[in-house]
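Visitor: Residue numbers (our numbering): 6 to 72. Quick one: the structure is below, and I'll ask about it shortly.
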Amino acid sequence: MSNKNYHLHDKVEMKKPHACQTNRWEVIRLGMDIRIRCEHCDHIVTMKRRDFENRLRRVVEFHNNEE
Ligand SMILES: [Zn+2]
């Protein structure tokens with residue numbers, strides 16, 4: 006479960022890659038809805054937190070939010 010511990014600006018990999026074949030997204034909004042941006046084409050997807058967690062494969066890079 007710890008690899009699904011995501012935060013704002015973390016880079017994540019989803020179960021399905023984006024249509025542009027990139028599977029690396031940045032979490033750009035955390036709330037009732039989650040918003041992620043494709044690293045390659047800047048496409049933005051907004052989805053319910055529950056849907057996001059279902060589609061999330063793993064966090065690939067943790068952003069340092071502790072300052
Ligand atoms: Zn893309």
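In this text, a Cβ means the ideal position worked out from N, Cα and C, and glycines have one as well.
Out of Pro22, Val32, Lys53, state which residue places its alpha-carbon closest to the alpha-carbon of Asn10.
Guide: If you number the sequence shown from 1, residue 10 lands on position 5. Of Pro22, Val32, Lys53, the residue nearest in Cα terms is Val32.
Visitor: Is it buried or exposed for Cys25, if we count other Cβ within 10 angstroms and need 16 for buried?
Guide: The residue labelled residue 25 in the question sits at position 20 within the sequence shown. Cys25 is exposed by the Cβ-count criterion.
Visitor: Would Leu13 be called buried (16 or more neighbouring beta carbons within 10 Å of its own) or exposed?
Guide: In the sequence shown, the residue the question calls residue 13 occupies position 8. The residue in question, Leu13, is exposed, as its Cβ has fewer than 16 Cβ neighbours within 10 Å.
Visitor: Are the CB atoms of Cys46 and Trp30 nearer to each other than 7 Å?
Guide: Counting from 1 along the sequence shown, the entry for residue 46 is found at position 41. Counting from 1 along the sequence shown, the entry for residue 30 is found at position 25. Cβ distance not < 7 Å, so Cys46 and Trp30 don't count as in contact.
Visitor: Using a strict less-than 6 Å threshold between each residue's beta carbon and the heavy atoms of ligand 1, what residues do you get?
Guide: Result (chain order): His23, Cys25, Thr27, Cys43, His45, Cys46, His48.
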